[in-house]
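Q:
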Amino acid sequence: MFEFKRVCDSLGQKVMQCFICLKEFKKKNHLLRHFSVHLPNRPFICKVCNKTYKTSNALNIHAKRHVQNKFQCESCQKLLCDEASLKLHIKRHVKDYAIKCDECDIGFYTKGEYDNHNNRKHLGINENICEVCSKSFYSKHGLMDHKKIMHEKVEPIFYCEPCDKKFVLKKRYQYHQDKYHSNKESQSSVCHICGKSLSTKEYLRTHLLIHKGIKTHTCPTCNKSFTTKNTLTLHIRKHTGEKPYECKICNKKFSQPSARNLHLKKHSDEKPFKCEICDSSFVSQGVLNMHKKTSHKIILTHNKLVKM
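For the sequence shown, my numbering begins at 194 and goes up steadily by one.
Right, dumping it as structure tokens:
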């Protein structure tokens with residue numbers, strides 16, 4: 194797709210030269226990345242990561258991310274926005290993937306993932322660009338989620354706590370869980386303190402913070418602290434009165450998607466949780482547990498029913 198020629202610099206070393214502006218590069222991938230400057234309709238390039246944008250405003254919005262990035266990969270010097278993202282990124286360097294990129298030694302599960310990476314990072318090509326705000330994405334699925342959340346105002350209801358990502362589609366959330374938080378190595382992710390079973394080691398680590406009393410997320414209004422960012426976000430809504438999750442049937446609003454989803458079951462008369470003692474049915478496990486506690490004096494401790 195792009196043309197270049199090999200020449201010798203002033204020291205006699207072989208370099209590659211851009212046929213458009215004659216700028217010289219020692220590495221092929223640096224030259225290919227440089228070509229993005231000459232791509233039509235994307236003249237604004239980030240000096241940190243070489244991403245290109247259609248407008249200077251889009252570039253300025255993107256550039257702010259680099260100011261906030263404090264976590265850097267020691268292997269490839271890539272900047273990540275938080276510790277969880279850095280951990281997920283580092284896995285690409287150490288796991289045994291099906292396909293590896295020869296240019297930067299990063300691994301991928303599928304050829305499609307590798308092609309996306311190669312096009313964006315080394316060829317300067319990205320077809321997954323939002324036509325509304327010019328933001329670019331690693332995959333078409335990421336672009337679809339972005340459009341639904343940002344431009345179609347579809348609320349994300351699936352939340353990944355370890356890496357603070359939100360998803361509109363359940364299949365995208367499940368794909369993310371399988372890819373980054375697979376419990377193949379964590380069948381024994383059981384809390385040794387309370388016996389609670391967690392689906393992944395990431396969830397277990399987050400859960401253990403509760404027992405250790407480590408609370409790194411503080412409310413700016415009342416200074417109350419929480420173990421996770423998501424819990425803090427839900428708490429802040431008590432101060433603001435924000436209730437972004439609305440029942441489409443009766444228009445009642447809720448501060449949490451879980452509360453809204455529980456409410457929706459009342460409209461459908463769905464009560465799948467049955468008390469084995471008196472045969473009463475309930476909309477959730479939590480309501481069933483409360484029923485057992487108040488009506489039968491039974492509580493759930495260490496995943497076992499105990500008489501009060």
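We treat Cβ as the ideally placed atom computed from N, Cα and C, and that holds for glycine.
1) Check for me: the alpha helix (DSSP H) holding Lys486 runs from which residue to which?
2) Kindly indicate which residue of Lys333, Gly434, Phe419, Pro413 has the alpha-carbon position closest to the one of Gly305.
3) Can you confirm whether His310, when its beta carbon is compared against all beta carbons of chain B, has any partner nearer than 7 angstroms?
4) Which one or two residues does DSSP pair with Tyr438 in a beta bridge?
5) Using the three-state DSSP reduction, which class does Cys211 fall into: helix, strand or coil?
6) Is the closest heavy atom of the ligand ATP to the C-beta of Lys467 under 6 angstroms?
7) Give me the residue from Lys436, Glu463, Ser461 with the minimum Cα distance to Pro450.
8) What separation, rounded to the nearest whole angstrom, lies between the Cα atoms of Lys314 and Asn222?
9) Report all residues from its chain with a CB closer than 7 angstroms to the CB of Asp202; omit the five preceding and five following residues, and keep chain order.
10) CB-CB under 7 angstroms to Leu402, same chain, minus the five flanking residues each way: which ones, in chain order?
11) With Lys422 as the anchor, note down where its alpha helix (DSSP H) starts and where it stops.
12) Pull up the distance between the alpha-carbon of Cys387 and that of Val476, whole angstroms please.
13) Leaving out five residues before and five after Ile350 in sequence, what residues of the same chain have Cβ atoms less than 6 angstroms from its Cβ?
14) Just curious, the beta strand (DSSP E) that Lys359 is in, first and last residue?
15) Residues in its own chain within less than 8 angstroms of His404 by CB, not counting five upstream and five downstream?
16) Do you know how far the Cα of Leu279 is from the Cα of Leu215?
17) According to DSSP, is Glu306 part of a helix, a strand, or is it coil?
18) In chain order, what residues of the same chain lie with their CB nearer than 8 angstroms to the CB of Lys417, ignoring the 5 residues before and after it?
19) According to the Cβ coordinates, are His484 and Ile470 closer than 7 angstroms?
20) For His410, which of helix, strand or coil comes out of DSSP?
21) Mind checking Cys415: buried by the 16 CB within 10 Å criterion, or exposed?
22) Mapping DSSP to helix, strand and coil, what is Gly388?
23) Are Lys341 and Val325 touching if we call contact CB-CB under 7 angstroms?
24) Just confirm the distance between the C-beta atoms of His255 and Cys239, as a whole number of angstroms; I'd bet it's less than 8 angstroms.
25) If distances are taken between C-alpha atoms only, which option among Lys219, His432, Val480, Thr399 comes closest to Pro413?
26) Using CA coordinates, which residue listed in His310, Asn311, Gly335 is at the minimum distance from Ile322?
27) Look at the Cβ atom of Val464, then the Cβ atom of Ser448, and state whether they are nearer than 7 angstroms.
28) Report, in whole angstroms, the separation of the C-beta atoms of Ser382 and Tyr366, which I expect to be a contact under 8 angstroms.
29) Starting from the Cα of His310, find the closest Cα among Ala452, Lys244, Gln370 and give me that residue.
30) Should His227 be labelled buried (16 or more other beta-carbon atoms within 10 Å of its own) or exposed?
31) Can you tell which of Lys219, Leu281, Gly479, Lys459 has its C-alpha closest to the C-alpha of Lys441?
A: Per the coordinate set shown:
1) Looking at the DSSP string, the run of the alpha helix (DSSP H) that includes Lys486 is 478-488.
2) Checked all of Lys333, Gly434, Phe419, Pro413; the closest Cα to Gly305 is Lys333.
3) Within the model displayed, chain B is absent; a lone protein chain is all it includes.
4) According to DSSP, Tyr438 bridges with Phe447.
5) For Cys211, the three-state secondary structure derived from DSSP is strand.
6) Looking for the ligand ATP in the displayed structure turns up nothing, as the structure carries no ligands at all.
7) Closest option to Pro450, Cα to Cα, is Lys436.
8) Their backbone Cα atoms lie some 8 angstroms apart in a straight line.
9) Unreliable placement is indicated for Asp202, whose pLDDT of 45 sits below 50; no coordinate value is reported for it.
10) Apart from the 5 residues on each side of it in sequence, Leu402 sits with its Cβ closer than 7 angstroms to the Cβ of Thr420 in its chain, given in chain order.
11) From DSSP, the alpha helix (DSSP H) with Lys422 extends over 422-433.
12) Cα to Cα, the separation comes out at about 25 angstroms.
13) Result list for Ile350: Pro450, in chain order.
14) Element bounds for Lys359: 358-360.
15) Hits under 8 angstroms: Cys384, Ile386, Cys387.
16) So the alpha carbons of these two residues sit roughly 36 angstroms apart.
17) Helix at Glu306.
18) So the qualifying residues of the chain are Thr411, His428.
19) No, they are not a contact pair.
20) If DSSP states are grouped into helix, strand and coil, His410 belongs with the strands.
21) Exposed, by the Cβ-count rule.
22) If DSSP states are grouped into helix, strand and coil, Gly388 belongs with coil.
23) For Lys341 and Val325, no; Cβs fall outside 7 angstroms.
24) Right, the Cβ-Cβ distance comes to about 6 angstroms (below 8 angstroms), so this counts as a contact.
25) Closest by alpha carbon: His432.
26) Residue Gly335 is the option with its Cα nearest to Ile322.
27) The question names Val, yet the displayed sequence has Lys at residue 464. Against a cut-off of 7 angstroms, the Cβ pair of Ser448 and Lys464 comes out as no contact.
28) Not confirmed; about 19 angstroms, so no contact.
29) For the set Ala452, Lys244, Gln370, the Cα lying nearest the Cα of His310 is the one of Lys244.
30) Classification for His227: buried.
31) Per the Cα distances, Lys459.
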